[in-house]
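Quick note, in numbering that gives the first Met the number 0, the sequence shown goes up one by one and the last residue is 408. No residue lacks a Cβ here, since even glycine has one placed at the ideal position from N, Cα and C.
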Amino acid sequence: MSQILNYPSNDEQTEQLKSTIEEQRAEIFRLRNVIETLPGSVYWKDKEGIYLGFNTYSLEKMQKVGLKTYKYVKTTEHKHVRVGKTDYDFFSQKVADEYRKNDLEVMQSGQEIVKEEAITLPNGEILIQLSSKSPLRDEMGKIVGLVGNTVDISHLKKIEEELRKAKETAEKANSIKTEFIRNMEHDIRTPFNGVWGLANYLWQHEKDVKKKELLAHITNCAKELLDYCNGILDYSKIELGSLPFLERKFNVQKLIDSVVTIEAPPAKLKDLNLTLNCADNIPQILVGDSYRLQRILINLVSNAIKFTQNGEIKLTVILAKRRGKRSVIMQFIVEDTGMGIPQEKQDLIYEKFTRISPSSKGIYKGIGLGLRIVKQFIEEMEGEVDLKSELGKGSTFICTLPFKLPLLD
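What follows is the structure, given as structure tokens:
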């Protein structure tokens, strides 16, 4: 029995061939569009470094920067192309050698490389490019050349250089600022301390009522200036990161007494009672940053005096918890019978330059840094601060801070 085979007619074969050609042409067109829309100069070369193709941006970039292009192949897409040429036809020997070295590295390793490449243009300008090169393979996977994409990053490098110079300028300015603050600490704080201390001494020993009033005013003003100076210096150090964290042994009772000694005169000037209560079981010696602790307490007590018109300020120190043999949790509590802090402002008081009332009203003076410094120092000491306040009745600040105990007292 014979079998009849049906072969496509010549017309059918022709139509199939036309369809295949059209599909391939459409695919080539799509690929060409992809290449044209890719950012940067896209090109591909054979193993000898001869250009096989490129995108329009690549040619336009060469012409824009003044590099010579050649009439080699005339097509409907490009009047000037570099197909058939090598880097030695466009660039200096040095640049072309560097490009060829990178090309060979890609083709020999079979790995992509990404490098910055610099070109000196005919006008002397240096062009910096980020070049990505990958091996080009045939259908069998054999390396037959490379494909590259080069992006001009000259403007980014310029910005990078400007940022570097700006950083150097800022660091230099910070260095000058740090030195200035260091000098201020001695040259300004020391005289303020002297003026305040002397005025306070004269006020305490003066018998004449009128003179005592004048000395009280001088003492008050000197204390305010000293507080401003201390606040600005402390905050500047915080901002610059120039205040080292020093863990040293210190006598707790002596530190607390020094705070009371400093703050007792302004409290007395307002006829306020400043009392100190230390629990009997507190350790005599602690290990920690005594400077930060003293500044925390001075700021809190000073604030309490400022916002209290009558009544008392109480500083209480208790041992909250022992953590093993060499660590304790201490609480330092500052209470006042002042104006209190409105509920809606209690979350804002630790922000820098935040004040309960504007200084323009002349009621409560200050620059709004004291509580910001308190919060910062407590966080640096890995502690916590809590506030309990009732408007018209007063405020209580509870500072909970960890300390180590000395190996030997």
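Note that the C-beta distance between Glu205 and Leu214 is below 7 Å. Taking C-alpha positions only, Lys324 is separated from Val373 by approximately 28 Å. Per DSSP, Met106 is one residue of the alpha helix (DSSP H) stretching across 92-108.
Within a 10 Å sphere around the beta-carbon of Met139 sit fewer than 16 other beta-carbons, which makes this residue exposed. For Leu239 and Arg371, the gap between their C-alpha atoms comes out near 15 Å. According to the DSSP assignment, Leu197 belongs to the alpha helix (DSSP H) that extends over 188-204. For Met139, the secondary structure class from DSSP, reduced to helix, strand or coil, is coil. In the structure shown, Ala319 adopts extended strand secondary structure according to DSSP, grouped into three states.
Arg294 is classed as buried because its beta carbon has at least 16 other beta carbons within 10 Å across all chains shown. A Cβ-Cβ distance of about 6 Å is found for the pair Leu296 and Phe331, placing them in contact under the 8 Å criterion.
At a cut-off of 3 residues, the continuous stretches assigned as beta strand (DSSP E) that sit fully inside the region 273-310 are 284-287. Shown here for Arg136: same chain residues with a beta carbon closer than 6 Å to its own, the five before and five after excluded, namely Ile142 in chain order.
The beta carbon of Leu245 is closer than 6 Å to those of Asp288 in its chain, skipping five residues each way along the sequence. Just measuring C-alpha positions, the residue of Leu232, Ser326, Leu162, Lys156 sitting nearest Ile187 is Leu232. Straight-line measurement puts the Cα of Asn199 at about 15 Å from the Cα of Asp207. Under a 10 Å Cβ-count criterion, Val300 is classified as buried, with 16 or more other Cβ atoms of the shown protein chains found around its own Cβ.
Of Val333, Lys387, Asn32, Leu318, the smallest CA-CA separation from Lys344 is found for Lys387. Contact between Tyr42 and Gly147 holds: their C-beta atoms lie close to 6 Å from each other, under 8 Å. When secondary structure is reduced to three states using DSSP, Pro401 falls in the strand class.
The straight-line gap separating the alpha-carbon atoms of Thr13 and Ala25 is approximately 18 Å. Here DSSP, grouped into helix, strand and coil, assigns Ile340 to coil. With respect to Lys211, Pro265 sits apart: the two C-beta atoms are not nearer than 7 Å.
The residue from Ile180, Lys164, Ile125 with its alpha-carbon nearest to that of Ser153 is Ile125.
Tyr50 is positioned such that its CB atom lies closer than 7 Å to that of Lys84. In the DSSP assignment, Glu223 falls within the unbroken alpha helix (DSSP H) covering 208-239. According to DSSP, Ala117 shares a beta bridge with Ile127. Residue state for Val41 is assigned as strand, using DSSP reduced to three classes. Judged by DSSP secondary structure, Val251 falls within the alpha helix (DSSP H) whose first and last residues are 251-268. Between Asp335 and Ser394, the C-beta gap is smaller than 7 Å, which places the two residues in contact. In the displayed model, Val146 falls within a strand according to three-state DSSP. Of the residues Thr119, Val94, Pro134, Pro121, the one whose Cα lies closest to the Cα of Val113 is Pro134. Each of Ala278, Leu120, Thr168, Leu404 was checked against the Cα of Arg247, and the nearest Cα belongs to Leu404. DSSP places Val327 in the uninterrupted beta strand (DSSP E) bounded by 326-335.
For Leu406, the number of other beta carbons within 10 angstroms of its own is below 16, and it is reported as exposed. Here DSSP, grouped into helix, strand and coil, assigns Lys46 to coil. Relative to the Cα of Ile255, the nearest Cα in the group Asn122, Ile284, Gly310, Leu242 belongs to Ile284.
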